[in-house]
Amino acid sequence: MEPVIEIEDLWWRYEYSKDWVLKGINLKINPEEFVVITGPNDSGKSSLVSTFNGLIPHSQRGAMKGRVRVLGQDTASTEVAALCAFVGMTFQDPETQFLLSRVDEEVAFGPQNLGYRPEEVRDKVSWALEMTRLSEFRMKDPVELSGGQKQRTALAATLAMSPKVMVLDEPTSMLDPIGKDEIMEIITSMKRQRLVETIIVVEHHLEELARIADRFILLKDGEILLDAPTEKFFSDPDFLIENGVRVPDVCAISGYLKKRNLLGNITLSLEEAVESLARLFSERRIMPNKKRTDTRMPPAHLGDETAVEVDNLHYVYPDGTVALRGLDLKIRKGEFIALIGQNGSGKTTLSKLIAGIYKPTSGSVKIFGMDTRVTPTPRLISKVGYVFQNPDHQIFNDTIRKELEFGLRNLLSFGLVKEEEIEQRIRESIKITGVPEDILDEHPFLMSKGMRQRIAVASVLAMKPDVLIVDEPTTGQDTPQSIDVMNFLQRLNEMGHTIIIITHEMWIVARWARRTIALAEGKILLDGPTNEVLSNTEVLKKTFVRPTQVTLLSQSLREYGMPGDILTVDEFMNSIEVS
Amino acid sequence: MSAQQIATRYRTFFSYVDARSIANRMSPITKILILLFFNAYPIIIDNPIYNALFGFFNIILMKIFKATLMHVEKYFKVLMTLALFIFVSVIFFGRSVAGPSPTVIATIGPVEVYSQALGFGVMVYVRMFALVSAMLLWLSITTTSDLMSAFEKMNISYVARTYLTMAFRFIGMFDSDFNTIQDAQKARGLDIKSQPLWRRPFVFGYYLIPLVAITIKKAIDAGVTMESRAFKAPLKIKLLEEKAMLKESYVGKYYWRYSGSDTVIIVTLVLAFIGLLVARFYGLVANPFM
Chain X
154 MEPVIEIEDL WWRYEYSKDW VLKGINLKIN PEEFVVITGP NDSGKSSLVS TFNGLIPHSQ
214 RGAMKGRVRV LGQDTASTEV AALCAFVGMT FQDPETQFLL SRVDEEVAFG PQNLGYRPEE
274 VRDKVSWALE MTRLSEFRMK DPVELSGGQK QRTALAATLA MSPKVMVLDE PTSMLDPIGK
334 DEIMEIITSM KRQRLVETII VVEHHLEELA RIADRFILLK DGEILLDAPT EKFFSDPDFL
394 IENGVRVPDV CAISGYLKKR NLLGNITLSL EEAVESLARL FSERRIMPNK KRTDTRMPPA
454 HLGDETAVEV DNLHYVYPDG TVALRGLDLK IRKGEFIALI GQNGSGKTTL SKLIAGIYKP
514 TSGSVKIFGM DTRVTPTPRL ISKVGYVFQN PDHQIFNDTI RKELEFGLRN LLSFGLVKEE
574 EIEQRIRESI KITGVPEDIL DEHPFLMSKG MRQRIAVASV LAMKPDVLIV DEPTTGQDTP
634 QSIDVMNFLQ RLNEMGHTII IITHEMWIVA RWARRTIALA EGKILLDGPT NEVLSNTEVL
694 KKTFVRPTQV TLLSQSLREY GMPGDILTVD EFMNSIEVS
Chain A
306 MSAQQIATRY RTFFSYVDAR SIANRMSPIT KILILLFFNA YPIIIDNPIY NALFGFFNII
366 LMKIFKATLM HVEKYFKVLM TLALFIFVSV IFFGRSVAGP SPTVIATIGP VEVYSQALGF
426 GVMVYVRMFA LVSAMLLWLS ITTTSDLMSA FEKMNISYVA RTYLTMAFRF IGMFDSDFNT
486 IQDAQKARGL DIKSQPLWRR PFVFGYYLIP LVAITIKKAI DAGVTMESRA FKAPLKIKLL
546 EEKAMLKESY VGKYYWRYSG SDTVIIVTLV LAFIGLLVAR FYGLVANPFM
């Protein structure tokens, strides 16, 4: 069988970098294969797939060695526009992919460029919208759609070009749980209905893909570390974890049991895992651990002082959108809280009201007793810090030092900090956040996104807020980086800061948050200890949040005496005893 | 339920227009002529009263066309700040625009304030108000498909009309990013509303730098997406050899509309334009305050 993509000894380096991003890649992808490429950030995943439609080397500047052939055509000598007829590509952030302001225009753009007649374009648009279940939204502005619908629009726009190979670069990384599910459903139906010949997905979230993909490739430092059919790829979970891959929970658990010769194979789906473990329980080869200890650490400095008090809070945006409908909430000093819920549930609005960025339409928010409606902004920010998801929304100074000083200078003008304290506070904040001192006079825009995120956190931390709100702290980060960021927030919590995170990542919530608040349609649906909230699967359905795989697994094994509120793989292991 | 019924409003370059608005029945070419005429009006007319009336007329039209006014209000607030700067300039540096025989109406220390300079300031400010309102009206009722199909009928090349349309589309994106940046800076104690009026233009710098950086990033991303969707594809490519890039596009075919009422509007606009030129020639629209 002639491969659709054939790569021979591929090396690639960006113009302003000394290091090779891709180092001697050899790869063949065959027709009808469903391939997942995974690996830590900066391992070269996106660069590799950019060679498939010729964006590398035609649109990116740099040096390339080796050869990439797509359907027999050498990409180095074929224009991107010509390769696009064969290879369709969608990217991580759906919003940056929208060129026009109606869904159908957006989807029509590609086929139109390929020279199809308007009637053919119309048929292709209708077909692609039907396949992505977007027909009813064809006249809408793509920006107005939900996260999942946006990414489906981007998929439809590529599908309408009838490519033979479809490449999806981290299609779910910026989506809420329901959006992730929507995209996975579309990808599954693309495979089942053979809408495209070959599917290639770059992804960190492997739970769903492990069930449907044929083959996985692990890339690290620009090299292929592992390339194997799905089952073989997951056969050594420890190796994958060591190399920065977050393996599905059921895979990690079955890996543990396989090492103890209790299981013959690694399980890749929840259903398989339930079946295998139920058998082991029935055969009494494993049993619930009666002496299970609580592995979850309590907050270090949980005091009686009320940090945040929200009373009958309502918020209506200037365009009339009702975001919050009568919220009541108390947060004690030293808590570590996760706000969860689908996009539009009111998480970000609530956080911005707590930070004093928005003022309540009615009701009140008090921070350590100060009413945000009447307290001046600088006084509030000395108590509550808010770190935005995208650090580039707040960085504007020409040196990192000035960036870190900025908030402090605003406090200085209100007498909330002394001039002589500024240097000390900067030193403290960079120490905590890991911003190297020798780069303080560098331009922040020259730093990597991860470092810019740290600078943004440091500039907020320098103001020593008692409450720190972080919006999506792990977006765009790989597993080791996410763990790093969350451990950092945990350290701050241990130092006495109250931490509030907004996230769609349930494994993050399960592992770090001590209290979880689930919002839906501007109301609090659930509020309590994380294990209680995440194990309430029935109510959680209303927020379109699905608990982690391990929670669902433990709930399915309740009849064998397993507790139903297990949140992490470690807790699960701690809850079983091998006979 | 049809797709048309699902969308209750359409995205325009600046905000949204109600799906039932009469603006959606207007031909794209009529909208282009509205852009040209409504922007020419304040330039031809010097009389601030006529320009002020025209500015208010544009706002009334936005209401009639059921355009979303939420974002528009913000720009008028910016105009208020601009008023301060214009009047400070004509008070302190008004001699050069006061003409050969200026009338002093007040003195501030060594500075003489001239009535002609103030009249000039009023003219400039009201002209800007009229221009901004005309532009906002057009941006609030025009969609990407309007501009693409109008340009197609004007025989503007596919590549040029796509670039031009996308440039206009970025205006709305600026607005949304600007709001997020404003919130992000507020989180570090910078609240423009708490700043004195004179300091606000300087504070804008803190917003503009991230805005420019983000816009450049978005432009790069848009460029990559365009390439990935075969923009500027060669006329014949291997798979589609028999399909030449056709003159008429999907948007041009399915979004173009023209009716008798468009002819009436266009004739009225052309006659009004000729009338304005005649009025200017006979000095009927001069600034009476200078």
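Going down the list, the sequences are from chains X and A.
So for the first sequence, our numbering puts the first residue at 154; every next one is plus one.
So for the second sequence, our numbering puts the first residue at 306; every next one is plus one.
Glycine included, every Cβ here is placed at the ideal spot set by N, Cα and C.
Small disclaimer: the values here were computed from a predicted structure and weren't measured.
Run of the alpha helix (DSSP H) containing N442 of chain X, from where it starts to where it stops: What you label residue 442 of chain X is simply residue 289 of the first sequence in a count that begins at 1. Premise fails: N442 of chain X is in no alpha helix (DSSP H) and is neither H nor E.
Where V274 of chain X meets chain A, residues with beta-carbon distance less than 7 Å: On the first sequence, residue 274 of chain X is found 121 positions in, with the first residue counted as 1. Per Cβ cutoff of 7 Å: Y555.
Residues near D227 of chain X by beta carbon distance below 8 Å, same chain, minus five either side: On the first sequence, position 74 is the one that residue 227 of chain X refers to. Result list for D227 of chain X: R220 and V221, in chain order.
Integer-rounded CB distance, given that I353 of chain X should sit under 8 Å from V202 of chain X: What you label residue 202 of chain X is simply residue 49 of the first sequence in a count that begins at 1. What you label residue 353 of chain X is simply residue 200 of the first sequence in a count that begins at 1. About 6 Å; that satisfies the 8 Å criterion.
Per-residue DSSP class, three states only, for H357 of chain X: The count along the first sequence starts at 1 and reaches residue 357 of chain X at position 204. Here H357 of chain X sits in coil by DSSP.
Extent of the continuous alpha helix (DSSP H) to which A673 of chain X belongs: One-based indexing of the first sequence puts residue 673 of chain X at position 520. First-last for A673 of chain X: R668 to A673, but that is the beta strand (DSSP E), not the alpha helix (DSSP H).
Inter-residue spacing [alpha-carbon to alpha-carbon] between D367 of chain X and P156 of chain X: Position 214 of the first sequence holds residue 367 of chain X. Position 3 of the first sequence holds residue 156 of chain X. Going from the Cα of D367 of chain X to the Cα of P156 of chain X covers about 15 Å.
Secondary structure of M375 of chain A, DSSP reduced to three states: Position 70 of the second sequence, counting from 1, holds the residue named residue 375 of chain A. M375 of chain A falls in the helix class under three-state DSSP.
Chain A contact for P264 of chain X (CB, 9 Å cutoff): Taking the first residue of the first sequence as 1, we reach residue 264 of chain X at position 111. Chain A, which has a Cβ nearer than 9 Å to the Cβ of P264 of chain X, makes this yes.
Within-9 Å CB hit, H596 of chain X to chain A: Within the first sequence, residue 596 of chain X is the residue found at index 443, counting from 1. H596 of chain X does not count as touching chain A.
At least three beta-carbon pairs within less than 8 Å, the region 637–650 of chain X to the region 620–628 of chain X: yes
Backbone secondary structure at A591 of chain A - three-state DSSP: Residue 591 of chain A sits at position 286 when you count from the first residue of the second sequence. Of the three classes helix, strand and coil, the one that applies to A591 of chain A here is coil, per DSSP.
Segment limits, alpha helix (DSSP H) that includes H211 of chain X: One-based indexing of the first sequence puts residue 211 of chain X at position 58. Segment L208 to H211, the alpha helix (DSSP H) holding H211 of chain X.
Continuous alpha helix (DSSP H) assignments of at least 4 residues falling wholly in the region 508–550 of chain X: 530–534
CB contact flag (S535 of chain X, L569 of chain X, <9 Å): Taking the first residue of the first sequence as 1, we reach residue 535 of chain X at position 382. Taking the first residue of the first sequence as 1, we reach residue 569 of chain X at position 416. Yes, the pair counts as a contact, with Cβ atoms nearer than the cut-off.
Endpoints, the alpha helix (DSSP H) within which F262 of chain X is located: As a first step, residue 262 of chain X must be located in the first sequence, where it is residue number 109. Its alpha helix (DSSP H) spans residues V256 to N266.
Spatially closest choice to R316 of chain A from X:V256, X:T306, X:G207 and X:V233, by CA coordinates: Working through the second sequence from its first residue, we reach residue 316 of chain A at position 11. Among X:V256, X:T306, X:G207 and X:V233, the Cα nearest to that of R316 of chain A is on X:V256.
Whole beta strand (DSSP E) elements within the region 384–426 of chain A, 3-residue minimum: 409–413 and 416–419
Within the region 666–716 of chain X, ranges of the alpha helix (DSSP H) (whole runs, at least 4 residues): 683–687, 690–693 and 702–709
Simplified DSSP assignment, three categories, for P382 of chain X: Translated into the one-based positions of the first sequence, residue 382 of chain X becomes position 229. Here P382 of chain X sits in strand by DSSP.
Any 3 or more C-beta pairs closer than 8 Å across the region 257–274 of chain X and the region 330–347 of chain X: no
Assigned exposure category for S732 of chain X - 16 Cβ within 10 Å defines buried: Start at 1 with the first residue of the first sequence, and residue 732 of chain X comes out as number 579. Exposed, by the Cβ-count rule.
Chain A contact for D227 of chain X (CB, 9 Å cutoff): What you label residue 227 of chain X is simply residue 74 of the first sequence in a count that begins at 1. It does not: the Cβ of D227 of chain X has no partner Cβ on chain A nearer than 9 Å.
Three-way DSSP call (helix, strand, coil) for E730 of chain X in this model: To locate residue 730 of chain X, count along the first sequence from 1; it is residue 577. Looking at E730 of chain X - three-state DSSP - the assignment turns out to be strand.
Contact between the region 187–196 of chain X and the region 384–400 of chain X (3+ Cβ pairs under 8 Å): yes
Those residues which DSSP pairs with V572 of chain A across a bridge: For the purposes of this step, residue 572 of chain A is taken as residue 267 along the second sequence, with counting starting at 1. For V572 of chain A, which the question treats as bridged, DSSP gives no partner whatsoever.
Helix, strand or coil at Y321 of chain A [DSSP, three-state]: Taking the first residue of the second sequence as position 1, residue 321 of chain A is located at position 16. Of the three classes helix, strand and coil, the one that applies to Y321 of chain A here is strand, per DSSP.
Cross-chain neighbours of V613 of chain X in chain A, by beta carbon under 8 Å: Locating residue 613 of chain X in the first sequence gives position 460, counting from the first residue. Here the neighbours are A492 and R493.
Close beta carbons around F370 of chain A, own chain, < 6 Å, minus the five adjacent residues each side: Sequence index remark: in the second sequence, residue 370 of chain A carries index 65 (1-based). The answer, listed in chain order, is S326, A328 and I446.
Stretch-stretch touch, CB-based, cutoff 8 Å, three pairs: the region 541–558 of chain X with the region 503–522 of chain A: yes
Range of the contiguous alpha helix (DSSP H) that encloses D457 of chain X: Counting from one through the first sequence, the residue named residue 457 of chain X turns up at place 304. No alpha helix (DSSP H) contains D457 of chain X, which DSSP labels as neither H nor E.
Beta-carbon proximity of I490 of chain X to I654 of chain X, cut-off 9 Å: As a first step, residue 490 of chain X is located in the first sequence; it is residue number 337 there, counting from the start. As a first step, residue 654 of chain X is located in the first sequence; it is residue number 501 there, counting from the start. Going by C-beta atoms, I490 of chain X is nearer than 9 Å to I654 of chain X.
For D624 of chain X: DSSP bridge partner residues: The residue given as residue 624 of chain X occupies position 471 in the first sequence. DSSP output for D624 of chain X lists X:I655 as bridge partner(s).
Neighbour-count burial assignment, K498 of chain A, 16 or more Cβ in a 10 Å radius: Here residue 498 of chain A is taken as the residue at index 193 of the second sequence, counted from 1. Result: exposed.
Range of the contiguous beta strand (DSSP E) that encloses R368 of chain X: Looking up residue 368 of chain X in the first sequence gives position 215. Run containing R368 of chain X: R368 to K373, per the beta strand (DSSP E) assignment.
Contact list for E532 of chain A against chain X, beta-carbon separation under 7 Å: Stepping through the second sequence from its first residue, residue 532 of chain A is reached at position 227. Simply L208, S212 and V233.
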